[in-house]
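**Q** Numbering-wise, full-length UniProt numbering puts 59 at position 59 of the sequence shown, and it's gapless, one number per residue. Ideal Cβ placement from N, Cα and C applies to all residues, glycine included. Given the structure is predicted, the values throughout are model-derived calculations rather than measurements.
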Amino acid sequence: MKIKHMPVAPEGRPFNATVNDIRPLALDKWNGGIRATSTDNTLSILDVIGESFWDEGVTAKRIAGALRAMGDQDVIVNINSPGGDVFEGIAIYNLLRNHSGQVTVNVLGLAASAASVIAMAGDEINMGRGAFLMIHNAWTCCCGNKNELVAVAEALRPFDDSLIDIYAARTGIDKASIAQMMDDETFINHTEAIAQGFADGLLTADVIDDGNDSPQAALRKLDALLAKSHVPRAERRKLFNALNGRTPGAASHNHGMPGATDINIDTLAELEKTINAFAPAHP
Numbered sequence: 001m002k003i004k005h006m007p008v009a010p011e012g013r014p015f016n017a018t019v020n021d022i023r024p025l026a027l028d029k030w031n032g033g034i035r036a037t038s039t040d041n042t043l044s045i046l047d048v049i050g051e052s053f054w055d056e057g058v059t060a061k062r063i064a065g066a067l068r069a070m071g072d073q074d075v076i077v078n079i080n081s082p083g084g085d086v087f088e089g090i091a092i093y094n095l096l097r098n099h100s101g102q103v104t105v106n107v108l109g110l111a112a113s114a115a116s117v118i119a120m121a122g123d124e125i126n127m128g129r130g131a132f133l134m135i136h137n138a139w140t141c142c143c144g145n146k147n148e149l150v151a152v153a154e155a156l157r158p159f160d161d162s163l164i165d166i167y168a169a170r171t172g173i174d175k176a177s178i179a180q181m182m183d184d185e186t187f188i189n190h191t192e193a194i195a196q197g198f199a200d201g202l203l204t205a206d207v208i209d210d211g212n213d214s215p216q217a218a219l220r221k222l223d224a225l226l227a228k229s230h231v232p233r234a235e236r237r238k239l240f241n242a243l244n245g246r247t248p249g250a251a252s253h254n255h256g257m258p259g260a261t262d263i264n265i266d267t268l269a270e271l272e273k274t275i276n277a278f279a280p281a282h283p
């Protein structure tokens, strides 16, 4: 499923005097030794986001080069990062959001701050058992007089608003609640992330021990299956509206995806009909 409804985030640096850094609490909770076992068609975001005092970290330039090399193939993005430069994170988010292939994000340990923004670009987001997301307001260090500091605060405001839009679009949580979570610098464990819509399910190894996917995760996977069967997006949206009992053009608060309890069982035959119509014929 390509989540094309996810908003584009503004890129660039709002104020030349700003220097972005990593939140100390995020670093305290980060275990940099966590790695994934598979590396095929995989992007590994296992460091700070952007340049740091120690090394280059994970940059948009590096991710762009890797995506160019992969072409339009599906890609897996493994994340274990305490965050870093929010503007670099936004650039990476936009690169992944615009990738033509399926993007699957696996949060292995921690996706904090800018790394949590990157995670939201996934068409499917999986959490490792015990993994965390952390969301907060854009954070920076700067120096100057009172007028310059006020200017920096105001320059950061549209970036916070953009992050709110991204999290709200992914989860369906109202923007005021997301804003409060960001104000509170909220850590979200794997259970809460799935329940609140920040993620779709557990990593494969963990799902075996945890039973079935959540209904919303199952619906996302159904959409991905239809997409891989070359069912056009317009047809998929029409189908989900039918499953949800909505008429074409009716307002949808979750971008055409039916709720877990909203599916109209009488229209399930429409699903089989749609799949059969677009499935390739076999001799």
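Answer with buried or exposed for residue 150, where buried requires no fewer than 16 other C-beta atoms within 10 angstroms of its C-beta.
**A** Taking the first residue of the sequence shown as 1, we reach residue 150 at position 150. Residue 150 should be labelled exposed.
**Q** Taking DSSP's pairing of strands, which residues face residue 44 in a bridge?
**A** Mapped onto the sequence shown, residue 44 falls at position 44. Answer is 78, bridged to residue 44.
**Q** For residue 110, does the three-state DSSP call read helix, strand or coil?
**A** For the purposes of this step, residue 110 is taken as the residue at position 110 of the sequence shown. Looking at residue 110 - three-state DSSP - the assignment turns out to be strand.
**Q** Using 8 Å as the Cβ pair cut-off and three pairs as the minimum, do the region 95-103 and the region 137-154 touch?
**A** No, they do not touch.
**Q** In three-state terms, what does DSSP make of residue 104?
**A** Reading the sequence shown from its first residue, position 104 is the one you call residue 104. Strand at residue 104.
**Q** Run through DSSP, which three-state label would residue 132 get?
**A** The residue given as residue 132 occupies position 132 in the sequence shown. Strand at residue 132.
**Q** What residue from 68, 106, 64 has the CA that sits closest to residue 78's CA?
**A** The count along the sequence shown starts at 1 and reaches residue 78 at position 78. Ranking the options by Cα distance to residue 78, first place goes to 106.
**Q** Would you list the residues sitting across from residue 124 in a DSSP beta bridge?
**A** Looking up residue 124 in the sequence shown gives position 124. Residue 124 pairs with 104.
**Q** Per DSSP, what kind of secondary structure is residue 173 in: helix, strand or coil?
**A** Position 173 of the sequence shown, counted from the first residue, corresponds to residue 173. Three-state result, residue 173: coil.
**Q** Secondary structure at residue 150, three-state DSSP: helix, strand or coil?
**A** Looking up residue 150 in the sequence shown gives position 150. Reduced to three states, the DSSP call for residue 150 is helix.
**Q** By how many angstroms is the C-alpha of residue 155 removed from the C-alpha of residue 124?
**A** Translated into the one-based positions of the sequence shown, residue 124 becomes position 124. Translated into the one-based positions of the sequence shown, residue 155 becomes position 155. If you take the alpha carbons of residue 124 and residue 155, they lie about 32 Å apart.
**Q** Looking at the secondary structure, which residues open and close the alpha helix (DSSP H) in which residue 49 lies?
**A** Mapped onto the sequence shown, residue 49 falls at position 49. No alpha helix (DSSP H) holds residue 49; DSSP gives it neither H nor E.
**Q** Taking 8 Å as the threshold (C-beta atoms), are residue 128 and residue 109 in contact?
**A** Numbered from its first residue, the sequence shown carries residue 109 at position 109. Numbered from its first residue, the sequence shown carries residue 128 at position 128. Cβ distance < 8 Å, so residue 109 and residue 128 count as in contact.
**Q** Spatial neighbours of residue 118 within its chain, please: C-beta separation below 6 Å, excluding the five flanking residues on both sides.
**A** Residue 118 sits at position 118 when you count from the first residue of the sequence shown. Cβ within range, chain order: 89, 92, 93.
**Q** Between 133, 58, 74, 158, which has its C-alpha nearest residue 85's C-alpha?
**A** In the sequence shown, residue 85 corresponds to position 85, counting from 1. Nearest C-alpha to residue 85: 58.
**Q** In its own chain, which residues sit with a C-beta less than 6 Å from the C-beta of residue 187, not counting the 5 before and 5 after it?
**A** Here residue 187 refers to the residue found at position 187 when the sequence shown is read from its first residue. The beta carbon of residue 187 sits closer than 6 Å to the beta carbons of 132, 134 from its chain, once the five residues preceding and following it are set aside; these are given in chain order.
**Q** Checking 8 Å against the spacing of the C-beta atoms, do residue 60 and residue 126 come in under that value?
**A** Mapped onto the sequence shown, residue 60 falls at position 60. Mapped onto the sequence shown, residue 126 falls at position 126. Taking a C-beta distance under 8 Å as the contact criterion, residue 60 and residue 126 do not qualify as a contact pair.
**Q** Please list the terminal residues of the continuous alpha helix (DSSP H) segment that includes residue 59.
**A** Along the sequence shown, one-based indexing puts residue 59 at 59. Element bounds for residue 59: n/a, residue is neither H nor E.
**Q** Compute the Euclidean distance between the alpha carbons of residue 277 and residue 72, then round it to the nearest angstrom.
**A** Mapped onto the sequence shown, residue 277 falls at position 277. Mapped onto the sequence shown, residue 72 falls at position 72. Those two C-alpha atoms are separated by around 25 Å.
**Q** Would residue 157 be called buried (16 or more neighbouring beta carbons within 10 Å of its own) or exposed?
**A** Your numbering for residue 157 matches position 157 in the sequence shown. Burial call: exposed.
**Q** For residue 82, count the other beta carbons within 10 Å of its own beta carbon; 16 or more makes it buried, fewer makes it exposed. Which is it?
**A** On the sequence shown, position 82 is the one that residue 82 refers to. Flag for residue 82 reads buried.
**Q** Taking just the CA atoms, how far does residue 174 sit from residue 166?
**A** For this step, residue 166 is matched to residue 166 along the sequence shown. For this step, residue 174 is matched to residue 174 along the sequence shown. Cα to Cα, residue 166 sits roughly 11 Å from residue 174.
**Q** Among the residues of its own chain, which have a CB less than 6 Å from the CB of residue 197, if the five just before and after it don't count?
**A** Residue 197 sits at position 197 when you count from the first residue of the sequence shown. Spatial neighbours of residue 197 in its own chain (CB-CB distance under 6 Å, excluding positions within 5 residues in sequence) are listed in chain order as 171, 172.
**Q** Verify whether the separation of the beta carbon atoms of residue 178 and residue 193 is less than 8 Å.
**A** Start at 1 with the first residue of the sequence shown, and residue 178 comes out as number 178. Start at 1 with the first residue of the sequence shown, and residue 193 comes out as number 193. The answer is no: Cβ separation not under 8 Å.
**Q** Return the CA-CA distance between residue 41 and residue 101, expressed in angstroms with no decimal places.
**A** Residue numbering aside, residue 41 sits at position 41 when the sequence shown is read from its first letter. Residue numbering aside, residue 101 sits at position 101 when the sequence shown is read from its first letter. Going from the Cα of residue 41 to the Cα of residue 101 covers about 11 Å.
**Q** Along the chain, where does the beta strand (DSSP E) that runs through residue 186 open and close?
**A** Numbered from 1 along the sequence shown, position 186 holds the residue referred to as residue 186. Segment 186-189, the beta strand (DSSP E) holding residue 186.
**Q** What does a CB cutoff of less than 7 Å around residue 145 pick up in its chain, not counting 5 residues either side in sequence?
**A** Here residue 145 is taken as the residue at index 145 of the sequence shown, counted from 1. Excluding residues within five positions, none has a Cβ falling inside 7 Å.
**Q** Tell me the rounded alpha-carbon separation between residue 238 and residue 56.
**A** Taking the first residue of the sequence shown as 1, we reach residue 238 at position 238. Taking the first residue of the sequence shown as 1, we reach residue 56 at position 56. Cα to Cα, the separation comes out at about 45 Å.
**Q** Mind checking whether residue 75 and residue 46 have CB atoms under 8 Å apart?
**A** Mapped onto the sequence shown, residue 75 falls at position 75. Mapped onto the sequence shown, residue 46 falls at position 46. No, they are not a contact pair.
**Q** Can you give me the C-alpha to C-alpha distance between residue 227 and residue 236, rounded to a whole angstrom?
**A** In the sequence shown, the residue the question calls residue 227 occupies position 227. In the sequence shown, the residue the question calls residue 236 occupies position 236. Their backbone Cα atoms lie some 8 Å apart in a straight line.
**Q** Among the residues of its own chain, which have a CB less than 6 Å from the CB of residue 64, if the five just before and after it don't count?
**A** Your numbering for residue 64 matches position 64 in the sequence shown. Excluding sequence neighbours, residue 64 sits near 95.
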